[in-house]
Amino acid sequence: MSSTEYSIWNWEQPQQDIPYILAVSIGVLLILGLSEFVKRKGVSQEWSRKTAHIGSGALAIPFPWMFKSVWPIIILCSSFFLIMMISKSMNFFQGVHGVKRKSHGAFVFPLVIILVFCLAQEPLHYAIPIAVLSLSDAMAALIGKRYGQHQCHTLGETRSMEGSTAFFFPTFLLVHIPLLLLTDTGRTECVLMGFGCAILVTAFEMISVRGLDNVFIPFGTWYVLDNYADYLPDELAYRIGFMFVLFIFFLTTLRYHIFTRTGAVGGFLVIYGMFSMGWDGFFIPALGLFGPLLAAVLFKHTFGKDKPPPMGVSHTFQSTIVAMLVLFAFDNTKQSWLLYPFITACSAGTIIVVLRLIGNRSPYRIPIIIAMSVFAPLIALYTETHHIKDPTHLLIAWGGTLSAVALYSYSYRFQAIFICPQCQAQTLERRHCGVDTHVLSGHPFFTQARIGLVSIFCATVCCSLWVSQYA
């Protein structure tokens, strides 16, 4: 059922889909009823919630073989979304909504099904991500709750190494076996695709909070399947080898307490994403910028008098997410002028993290800003694979970097400081000890991560608009 055989937006014979729509609707109500029954029998909240999670996913997996148009799926998922909204407001279906932590998973799940169905060009490229979300995620949650001993914390929520391991192996099988049995993909490619997909999606699962694993897991699985499908075994092995090198590197950073566990996972995903989506014209400047950053962090941890706390996943993504968005735009448009806003985003993110390490009042602040903002364009000039048509565009990237740093320095005075109601510790995060913190000073909007992210984003957008006019 490839995209050339039908248009998913063309609903030619809706009367043929009505029996399937009714069957799925009845199935959803039965699953919600079963989840509520399990909850009232005194079974743990996690089991009742995952009953609905697995059942709903199992109903959604065969959609490409049931429906040739997206409209029945829009009707079903929109109805499910409304049911979740109404039941949440009226305290119904506590088997789904009764979880203590903040989670948007029940509302995100139906929307993700629609989007993945629209993106997938082959039935298996839809069915496998939904199967991974339904089964692997449920196993990770249940085993992690029961046997999780080696824990790591992400934005106030807890993950365990045992749960992530329980996620990895089913994911490998759910990717490997369907590709092996239902496609013409070679055996070696099936093993390598399953292994690579399991590594990356497990990393996404480790850093997903508040139900956003319902977004990252299926989209991550779909993206890997869609991009790995045309690779030869040598290319797949090369990419998995690079993953192994990154794994060893970030494992070493944990020894020196440079990153938290989830911060290291976030760094792994960022560097691999730049390697996977970019070319030398993007990847080399990124390494040239983040290399000095890691060296500065290591120097501070090794020789500094006041050792900074390890970098968490929020700090990792705050300094890189805008650059990743620019790189994603390049991967889809192949517009070479995007190198300049990419340099702005990378260099600004690097400088902001270094400023956070040395302090906003350090006497070395100005020299570091000047040196690192000039360093980025110099790296781009010596990138052999990118032919710079107008070097003045580098001045725009340099100006964007300085603008981001200036905006960050100005907004720093409004930074919020929070206090944890559980342990009474002061923190820069909105959640601590698994609960929401209270504002002690500053404006609650201006969290440390948000100040940096907004500064980098505004400067990068301005650089993009300016350079695009002359591209």
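So in this note's numbering, the last one in the sequence shown is 1354, and the numbering has no gaps at all.
Beta carbons are placed, not taken as given, at the ideal position from N, Cα and C, and that holds for glycine.
Owing to the predicted nature of the structure, the values given are computational and were not obtained by experimental measurement.
Candidates the options, of which the one nearest residue i by Cα
i        : options                                  : result
Leu-1323 : Ile-1302, Ile-1234 and Ser-1338          : Ile-1302
Leu-1311 : Arg-1239, Tyr-1353 and Val-1288          : Arg-1239
Ala-906  : Lys-924, Pro-945 and Phe-1328            : Pro-945
Thr-1330 : Ala-1342, Gly-1103 and Ala-1299          : Ala-1299
Ala-1231 : Ala-1169, Pro-1193 and Phe-1213          : Ala-1169
Leu-1277 : Thr-1320, Phe-1297 and Leu-1222          : Leu-1222
Ala-1014 : Phe-1151, Phe-1087, Ile-937 and Ser-970  : Ile-937
Phe-950  : Arg-923, Glu-895, Ile-1154 and Gln-1032  : Glu-895
Ser-1019 : Arg-1042, Gly-1046 and Gln-1032          : Gly-1046
Ala-943  : Val-999, Ser-931 and Glu-919             : Val-999
Val-1350 : Thr-1233, Gly-1283 and Met-967           : Gly-1283
Ile-957  : Leu-1057, Ala-1086 and Asn-893           : Asn-893
Ser-1219 : Leu-1208, Ile-909 and Phe-1165           : Phe-1165
Tyr-1111 : Arg-932, Cys-1080, Lys-1217 and Asp-1096 : Cys-1080
Ser-918  : Cys-1035, Pro-1327 and Phe-975           : Phe-975
Residue i versus residue j: straight-line alpha-carbon distance, rounded
i        : j        : result
Val-1344 : Val-1084 : 29 Å
Ala-935  : Val-953  : 23 Å
Tyr-1353 : Ser-1202 : 27 Å
Pro-1101 : Gln-1004 : 14 Å
Thr-1268 : Val-1074 : With a pLDDT of 44 at Thr-1268, under the threshold of 50, the predicted position of this residue should be treated as unreliable, and no value is reported.
Ser-1017 : Thr-1199 : 28 Å
Arg-1122 : Met-1157 : 12 Å
Phe-963  : Asn-1215 : 32 Å
Leu-1002 : Phe-1213 : 18 Å
His-1270 : Ala-1342 : Any reading at His-1270 must be qualified, since the residue scores a pLDDT of 48, below 50, and its modelled position is unreliable; the value itself is stated next. Roughly 24 Å separates the two Cα atoms.
Leu-1285 : Ile-891  : 46 Å
Val-1237 : Val-921  : 51 Å
Ile-1249 : Ala-1010 : 53 Å
Ala-1206 : Ile-1154 : 11 Å
Phe-1340 : Thr-1320 : 26 Å
Ala-989  : Ser-1294 : 36 Å
Thr-887  : Gly-1103 : Its pLDDT being 40, under 50, Thr-887 is placed unreliably in this model, and the value from its coordinates should be taken loosely. Each residue's Cα considered, the two are about 24 Å apart.
Lys-924  : His-1140 : 45 Å
Ala-1086 : Phe-1051 : 9 Å
Gly-1124 : Gly-1077 : 14 Å
Asn-1097 : Glu-1088 : 9 Å
Ser-931  : Tyr-1291 : 45 Å
Val-1092 : Phe-1099 : 10 Å
Ser-970  : Ser-908  : 16 Å
Leu-1062 : Gly-1069 : 9 Å
Thr-1066 : Trp-1281 : 49 Å
Leu-1095 : Pro-1012 : 15 Å
Leu-1348 : Cys-1229 : 17 Å
Arg-1138 : Gln-1032 : 19 Å
Leu-965  : Gly-916  : 17 Å
Cβ neighbours of residue i in the same chain (closer than 6 Å, five flanking residues each side left out)
i        : result
Val-1196 : Thr-1037, Ile-1090, Thr-1145, Gly-1146 and Gly-1149
Pro-955  : Asp-900 and Ile-904
Pro-897  : none
Met-1160 : Leu-1210 and Asp-1214
Met-1022 : Ala-1049 and Pro-1053
Neighbourhood of residue i by C-beta distance below 8 Å, restricted to the same chain and skipping five residues each side
i        : result
Cys-960  : Pro-993, Leu-994, Ile-996 and Ile-997
Val-1318 : Gly-1039, Cys-1303, Pro-1304 and Gln-1305
Gly-1027 : Arg-1042, Ser-1043, Glu-1045, Gly-1046, Ser-1047 and Ala-1049
Ile-914  : Thr-934, Ala-935, Gly-938, Ser-939 and Leu-942
Phe-1133 : Phe-1142, Ala-1147, Val-1148, Gly-1150 and Phe-1151
Opposing strand residues paired with residue i [DSSP bridges]
i        : result
Cys-1035 : Arg-1042
His-936  : Paired residues: none, contrary to the question.
Gln-1305 : Answer by DSSP bridge pairing: none, since Gln-1305 is not bridged.
Phe-963  : For Phe-963, which the question treats as bridged, DSSP gives no partner whatsoever.
Ile-1300 : Ser-1324
Met-1194 : Phe-1142
Thr-1310 : Phe-1301
For residue j and residue i, believed in contact at Cβ under 8 Å, the rounded distance
i        : j        : result
Phe-1142 : Thr-1135 : With a Cβ gap of about 10 Å, Phe-1142 and Thr-1135 do not count as contacting.
Ile-1227 : Ala-1287 : The sequence shown places Thr at residue 1227, rather than the Ile named in the question. Yes, they are in contact, since the Cβ atoms of Thr-1227 and Ala-1287 sit about 7 Å apart, within 8 Å.
Pro-1224 : Cys-1346 : 4 Å
Asp-1119 : Phe-1151 : Here residue 1119 turns out to be Leu, not Asp, going by the sequence shown. So it is not a contact: roughly 18 Å between Cβ atoms.
Met-1126 : Ile-1082 : 6 Å
Ile-1252 : Ile-1279 : About 17 Å separates the two Cβ atoms, so there is no contact after all.
Phe-1297 : Gly-1325 : 6 Å
Lys-933  : Leu-1025 : 6 Å
Nonlocal neighbours in the same chain, by C-beta distance under 7 Å from residue i, ignoring five residues either side
i        : result
His-1008 : Trp-1105, Leu-1108 and Asp-1109
Val-911  : Ser-939, Leu-942 and Phe-963
Met-967  : Ala-989 and Phe-990
Ala-1332 : Ser-1197, His-1198 and Gln-1201
Val-1059 : The sequence shown places His at residue 1059, rather than the Val named in the question. Contacts found: Cys-1073, Val-1074 and Gly-1077.
Tyr-1030 : Glu-1045
The ligand GDP heavy atom lying under 6 Å from the CB of residue i
i        : result
Leu-1095 : Ligands displayed in this structure: none; no statement on the ligand GDP is therefore possible.
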